[in-house]
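Residue numbers (this note's numbering): 1044 to 1328. Each residue gets a CB set at the ideal place from its N, CA and C atoms; glycine is no exception.
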Amino acid sequence: MRGSILAALTGLLLLGAPASAQWPVGTGNFWGKLSFFHHQTTEQFRADGSKKPFINSNAESISQAIFLDLNVGLTDRLDLWLQAPYYDLEFNDDSGDRKSTGIGDIRLSARFNLLQLRGGSLPITARFTTKFPVNDFPIDAEIIPVGEGQFDFEAWLEGGISLWPLPAYSVLWVGYRWRLENTETTRKPGDEVVFLAELGGTELLGGLGGKLVLDGIFGRPGKIQGIQLGSVDEREILYLAPTLFYNFTSQTILEVGVRIPLRGKNYPAGGPFQIGVFHQGSFWD
1044 MRGSILAALT GLLLLGAPAS AQWPVGTGNF WGKLSFFHHQ TTEQFRADGS
1094 KKPFINSNAE SISQAIFLDL NVGLTDRLDL WLQAPYYDLE FNDDSGDRKS
1144 TGIGDIRLSA RFNLLQLRGG SLPITARFTT KFPVNDFPID AEIIPVGEGQ
1194 FDFEAWLEGG ISLWPLPAYS VLWVGYRWRL ENTETTRKPG DEVVFLAELG
1244 GTELLGGLGG KLVLDGIFGR PGKIQGIQLG SVDEREILYL APTLFYNFTS
1294 QTILEVGVRI PLRGKNYPAG GPFQIGVFHQ GSFWD
């Protein structure tokens, strides 16, 4: 039960930045995004990939969260990106109702623009991310955790291309996540390969645009007290996320979408609904 809800949380961490955010923002500039999601399901992907009801009798998982993303340009090529989530989680079954709220693990990233190809229309960026555990992972099996309790480190290579003169763009991110041991629980989650691919069109109809995102997490089995776990500990999820967005101004965008799980292992099923507001600007204004 607890592993399934934690998976629902961390699966949202690949939420992509808007198209313009693929380019370095420049010294003194910034962009921010406030996102809300709702995820409700009675099913999970089992270790063999089949989708079935939770093992607990009449079980239902209800997850809600707010994500705050803030990216600031330290130089014309170096950005600093902070992501902080707040969770409201429930898991209900015949044995009782459980609920937890709180700030989840925080991610801090340094993004460095390596190259600007094709006259600047094709940026290639490297990103290094550290996940800081804010809350301990509770030992009590009846308490839903809002964090995983251990540090993670991630390395990403990110590319984005403008398809101008078409009002369209494409994005590809590929990364690797090293997951350290939680010394209190003696559990080390398995490392993960992560990716995000995105194709979008801006202002296709007035201020209305859209994008299609394919993102996934492919993990290895973890360890407990140094003992390798088997396939029951491999987490995997592949999402397809159609999203509409509306440009209120050149600086402010509203996004609405749903994440449809295509396949998974040891992961909750169900499609999270999401809505977000993006804004970019300058500290010099």
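Assigned secondary structure, residue i (DSSP; H/G/I helix, E/B strand, else coil)
i, result
"Val1275", "helix"
"Arg1263", "coil"
"Arg992", "Any property of residue 992 remains undetermined from this structure, which presents the chain solely from 1044 to 1328."
"Arg1161", "helix"
"Asp1122", "strand"
"Gln1268", "coil"
"Phe1088", "strand"
"Val1217", "strand"
"Glu1224", "coil"
"Gln1083", "strand"
"Ala1198", "strand"
"Glu1191", "coil"
"Thr1229", "coil"
"Trp1074", "strand"
Selected residue, minimal CA-CA separation from residue i, among the options
i, options, result
"Gln1268", "Thr1228, Thr1286 and Leu1239", "Thr1228"
"Gly1147", "Glu1133, Thr1168, Val1189 and Leu1125", "Val1189"
"Leu1223", "Glu1277, Ala1169, Trp1199 and Phe1175", "Phe1175"
"Gly1315", "Thr1172, Lys1095, Ile1105 and Ser1205", "Here residue 1315 turns out to be Pro, not Gly, going by the sequence shown. The shortest Cα separation from Pro1315 among Thr1172, Lys1095, Ile1105 and Ser1205 belongs to Ile1105."
"Val1320", "Leu1297, Asn1309 and Gly1252", "Leu1297"
"Ile1204", "Asn1225, Ser1100 and Ala1240", "Ala1240"
"Phe1196", "Val1115, Thr1173, Trp1207 and Arg1141", "Thr1173"
"Phe1194", "Asn1309, Thr1226, Asp1131 and Leu1206", "Thr1226"
"Gly1253", "Arg1154, Val1299 and Ser1078", "Val1299"
"Gly1249", "Glu1191, Gly1075 and Thr1292", "Thr1292"
Residues of its chain near residue i, where Cβ-Cβ distance is below 6 angstroms and the 5 sequence neighbours each way are ignored
i, result
"Glu1235", "Arg1220, Ile1260 and Gly1262"
"Val1217", "Leu1200 and Phe1238"
Run of the beta strand (DSSP E) containing residue i, from where it starts to where it stops
i, result
"Gln1317", "Phe1316 to Ser1325"
"Ile1296", "Thr1295 to Val1301"
"Ile1143", "Reading the sequence as shown, one finds Ser at residue 1143 and not Ile. Segment Gly1139 to Ile1146, the beta strand (DSSP E) holding Ser1143."
"Ser1112", "Reading the sequence as shown, one finds Asp at residue 1112 and not Ser. Glu1103 to Gly1116 is the span of the beta strand (DSSP E), which, as asked, contains Asp1112."
Close-in-space but distant-in-sequence residues of the same chain around residue i (CB under 7 angstroms, 5 per side omitted)
i, result
"Gly1265", "Arg1230, Lys1231, Pro1232, Gly1233, Leu1272 and Asp1276"
Beta carbon proximity, residue i to chain C, threshold 8 angstroms
i, result
"Leu1132", "In the structure shown, chain C does not exist; there is a single protein chain."
Residues of its chain near residue i, where Cβ-Cβ distance is below 8 angstroms and the 5 sequence neighbours each way are ignored
i, result
"Leu1255", "Glu1241, Leu1242, Gly1243, Leu1283, Ala1284, Pro1285 and Thr1286"
"Ala1169", "Arg1154, Phe1155, Leu1157, Ala1198, Trp1199, Leu1200 and Glu1201"
Would you say the stretch 1134-1146 touches the stretch 1155-1165, given that touching needs at least three Cβ pairs under 8 angstroms?
Not touching, per the Cβ criterion.
I'd like to know if the stretch 1076-1087 and the stretch 1107-1116 are in contact, where contact means that at least 3 CB-CB pairs between them fall below 8 angstroms.
These segments touch.
Would you say the stretch 1109-1126 touches the stretch 1066-1075, given that touching needs at least three Cβ pairs under 8 angstroms?
The stretch 1066-1075 and the stretch 1109-1126 touch, with three or more beta-carbon pairs separated by less than 8 angstroms.
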